[in-house]
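Data block below; observations after.
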Amino acid sequence: MPDDSRDTLQRPSPDALLERAEREAQGRLKIFLGAAPGVGKTYEMLMSGRARRADGIDVVIGIVETHGRRETQALLDGFEIIPRKSVAYRGQMLEEMDLDAILARRPALVLVDELAHTNAPGSRHAKRTMDVEELLARGIDVYSTLNIQHVESLNDVVAQITRVRVRETVPDSIIDRADEVEIIDITPADLIKRLHDGKVYVPQTARAAIENYFSPGNLTALRELALRRTAQRVDEQLLNHMQAHAISGPWAAGDRVLVCLSHGPGGANLVRYARRQADRLRAPWTVLHLETPQAAMLPDRLKDRLAANMRLAEQLGAETVTLPALAPSREIIAYAEANNFTHVIVGRPQKPRWRQLFHGSVTEDLIRHAGDLSVHVISGNAGEEPQRGVRTAQPPAPFRLKPYLKATLFVALAIVAGITLDQTLDVRNLALVFLMAVLAAAVRGGLGPGLYASLLGAFSFNFFFLEPRYTLTVRDPESLVALFFYLGVALVASNLTAAVQRQAAAARQRARTTEDLYLFSKKLAGTGTLDDVLWATAFQIASMLKVRVVILLPENGSIAVKAGYPPDDTLVDADIAAAKWAWEHNRPAGRAADTLPGAKRLYLPMRTGREAVGVIGLDNDKQGPLLTPEQQRLFDALADQAALAIERIQLVSDVDKAKLAAETDRLRTALLTSISHDLKTPLAAIMGSAGTLQDFGAEFPEDVRADLVATIVDESERLNRFISNLLDMTRIGAGAMEPNYALHFVGDIVGTALSRAAKITARHRIEVAIPAELPMVRVDPVLFEQVLFNLIDNAAKYAPPETVIAFRGWREGSSVLLAVVDEGPGIPSDDLERIFDSFYRVRKGDHVRAGTGLGLAICRGFVEAMGGSIRAENREGRPGAVFTIRLPVPAGGAGLSLPERHD
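Take the sequence shown: its position 788, counted from the start at 1, is 781 in the working numbering, and no numbers get skipped.
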């Protein structure tokens, strides 16, 4: 038989060739990777760019940050530098790389500094990495720089080392995408000397950096991270090169560990040894199991042992792989060479010596044909068994009479066919007719009916066709030999046919299970809430294992029922104790378990690589153990997926809580700032004016006293507005808004609000253009007047004196629109959405009175409470802001007609 695995190994990997072809159509990326700022990444990138330019390559600078370093600045001479693009952000102009200009210029190579940079809002892409990916997609080569602390997967490690959390990160895929990674490395002592010399930061900043981030210990750890990440990328490139060129490994440029796992004893020790060996070598490791045709015939005890050991390997961080194989030793060598493994770990042979002489030994064959592979043969504990702590049920094996009746029918048909052939044709080998009956019985019924058909066919063949006929006596020795060999062939054929039938049935069952698991994982991936995950998990386990399910999660230091199928949230004391014990000890408890077996249900923990996330309780109406070994393995797969989904939801919830806490802190800070300023300022003015009147009122002329009184009144009104705004926001936040609706004409409420705001608008001109035939709207007049007052106050605050504040109303379809227009500087584009947030204030010049940041938030809350909407925008063609309120026309006002406004 030809060695298919060897032939496959001599062909290039299709995946590697496809990746190579895709990269040839794109630009090439080279990353200059450093352990810390100041190691010389930008300098080295510019030097490499100059070398390429000297070779005649069209090189331009997209963006380079010199940070005031003279040596770096000098290297820019002679390069074509693409002018930067200015982006407006919060009243400032920020300079960013002009991606469109580079694409229009289309150089062969562009130098892009600081790959982890976050672009200013309003840029085409949020991150500079996205700009680089677009350049590569257009076939432009890119040189870029990156510090190791910006790599996403190392962010937590760097934060733990340096006590500094880096906010700007790049995904690991950008390094995996790089065609070249050049590490720029200098010793910690040299880098610290550069800091002292002022070649990295200014002296004051350098001293603080040396005391904190740039300590020798931190720099040494960052160097190791940079070297290891670069080595990992180089190892991936080497493996891809070997697969693309069909090079037989291993190339021992880096260690990789492969451990071979079987159903035999000692597997757990083998996995733990492999983990220790991988840790010593600091190498990745993989657990390989080869599934032979005989695997389907193994008892459930051995299958359960293998599943437990594979699960242990995954928990210890290994990649697990299962492959079909006819010749295990050759398949192991082929897989190891194709994936550049350098160490193969196997267990010592468990078969007796006499069995090895007839069946061979995988371990000895592996050592004999290993070539350059290092083979480790480990002696495990032959008595070791995986400890689950749960007794499993034996799968029912009822005797079925129907397959044996079918086998009898097949033999009877063979007898009829044999008699017919014997009378009509001179057929010498009628035993073949009975072999057909044996094969049919084995295919339809399995091994038992096949063996039964073999024996029944042998007696029938002897009785009906061997001389003397119709007796069980065999006269001719030749006929006896024929009968003997027929029986042997029939037994072998029935056994092989039944084995194929078992394998086919197992394959169908695996396909159904795999499909169910895939659909379950797809369903979990699409769920966004914890309740959906728990309901999907309970339903899936109940439907696949035919049991009743309850799911318990931790709550307030204990554990409580969160879902069930069928729905059930009642647990007796024994069940509560078993569930709590399973949660606290991360081991099974309850029915058929070693702990608290008197409980009604069996409680099994759901756990991830980090911790237990919950407990699943199972029960049914039968007595004794619940799950068969096969069902136990299926439950493990379902529980693992559910645990990961629950952990994902909890992590998202934790992130949301952290964001909420940060937002709460921001609002609290803003509130305290607002109170300290907006409450203290009017109080100080009132107290100062009142004190002056009290102490010197008799000495002042009448007009001075009138001014002081007016100041007291104005600041009191301002203080009253501030306190009213705080109370209104409290009502909105508590959901206590209950508008007192009535039909009102918008123009009337506008007039009332203008009268109330007469002092505020004394230095502005007011224009009102609200048609009298405008339909009435259903609003709360008090709330709507407060909305208009806040808008008037906002317009008067930002618009210069002697400018116009206009009110315009019109109908648009089934809505009435009211716009408040001013002639102020307008609203920055980035603030248009945030301007309605609580405590958010647009930063303007000193001439603008400080506000509380609550007025517009109250406007939105009141308008939305009345069923309307409000939006802010800038005027077209001239400075100024427009706040437009949209209110629905009530059914009673539908008959009032008004042409829609088009200007």
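The beta-carbon is built from N, C-alpha and C at its ideal position, and this holds for glycine as well.
Quantities reported herein were computed from a predicted structural model and do not represent experimental measurements.
Using only the alpha-carbon positions, how far apart do ILE878 and ARG864 sit? 7 Å
Comparing C-alpha positions only, which one of VAL280, GLU284, LEU295, SER166 sits nearest to ASP329? According to the sequence provided, residue 329 is Ala. The question's Asp does not apply to it. Of VAL280, GLU284, LEU295, SER166, the residue nearest in Cα terms is VAL280.
Report the CB separation of LEU212 from ILE141 in whole angstroms; it is logged as a contact under 8 Å. LEU212 to ILE141, Cβ: 11 Å. No contact.
With a threshold of 16 other CB atoms inside 10 Å of the CB of VAL474, please say whether the residue is buried or exposed. exposed
How should VAL193 be labelled, buried or exposed, when 16 other C-beta atoms within 10 angstroms of its C-beta is the threshold for buried? buried
Per DSSP, LYS120 forms a beta bridge with which residues? THR111
Using three-state DSSP, classify GLY27 as helix, strand or coil. strand
Is DSSP giving PHE876 helix, strand or coil here? strand
Could you tell me the distance, in whole angstroms, from the CA atom of ALA571 to the CA atom of CYS253? 37 Å
Apart from the five residues on each side of it in sequence, which residues of its chain come closer than 8 Å, Cβ to Cβ, to ARG462? PHE456
Helix, strand or coil for GLY802 per DSSP? strand
So ARG756 packs on PRO794, CB below 8 Å; how close in whole Å? 4 Å
Residues near VAL426 in its chain [Cβ-Cβ closer than 8 Å; skip 5 each side]: ALA407, ALA410, GLY411, LEU414
Check whether the Cβ atoms of VAL103 and ILE133 lie closer than 8 Å to each other. yes
With a cut-off of 8 Å, do at least 3 Cβ pairs link the region 360 to 372 to the region 322 to 339? yes
Going by the beta-carbon positions, is the gap between ALA531 and TYR558 smaller than 8 Å? yes
Opening and closing residue of the alpha helix (DSSP H) in which ARG269 lies: 260 to 274
Since ILE326 and LEU359 are thought to touch, with beta carbons under 8 Å apart, how far apart are those beta carbons, to the nearest angstrom? 7 Å
Beta-carbon spacing of ILE902, ARG43 below 8 Å: Absent from the model: residue 902. The displayed extent of the chain is -6 to 896, so no value can be given.
Within a Cβ cutoff of 6 Å, which residues of the same chain sit near ALA276, ignoring the five residues on either side of it in sequence? ASP248, ARG249, VAL250
Sub-8 Å separation of LEU284 and THR313 beta-carbons: According to the sequence as given, residue 284 is Glu; it is not Leu. Not closer than 8 Å, so no.
State the beta-bridge partners of TRP574 as determined by DSSP. DSSP output for TRP574 lists no bridge partner at all.
Using a Cβ-Cβ cut-off of 8 Å (strictly less than) and excluding sequence neighbours within five positions of LEU891, which residues of its own chain qualify? For LEU891, the predicted structure reports a pLDDT of 39, less than 50, and the residue's modelled location is therefore unreliable. A value from the coordinates is still provided. Here the set comprises PRO764, GLU766, LEU767, PRO768, TRP803, ARG804.
May I have the straight-line CA-CA distance separating ALA678 from ALA699, to the nearest angstrom? 15 Å
Is DSSP giving SER372 helix, strand or coil here? coil
Determine the burial state of LEU589: buried for a count of at least 16 other Cβ atoms within 10 Å of its Cβ, exposed for fewer. buried
Within 10 Å of its beta-carbon, does GLU708 have 16 or more other beta-carbons around it, so buried, or fewer, so exposed? buried
Tell me whether the region 494 to 507 and the region 427 to 441 touch, counting them as touching only if at least three CB pairs, one residue from each stretch, are closer than 8 Å. yes
Nearest to VAL775 by alpha carbon, out of ARG801, PHE855, GLU816, ASP830? PHE855
Got a sec, what are the start and stop residues for the beta strand (DSSP E) TYR136 sits in? 134 to 140
GLU173 in three-state terms, based on DSSP: strand
Buried versus exposed, by CB contacts within 10 Å (16 or more), THR65: buried
Helix or strand or just coil, what does DSSP make of GLU548? strand
Burial state of SER862, where buried means 16 or more other Cβ atoms lie within 10 Å: exposed
LEU517 and GLY607 closer than 8 Å at C-beta: no
In whole angstroms, what separates the C-alpha of ARG96 from that of ARG131? It is Leu, not Arg, that sits at residue 96 in the sequence shown. If I take the Cα positions, the gap works out to 8 Å.
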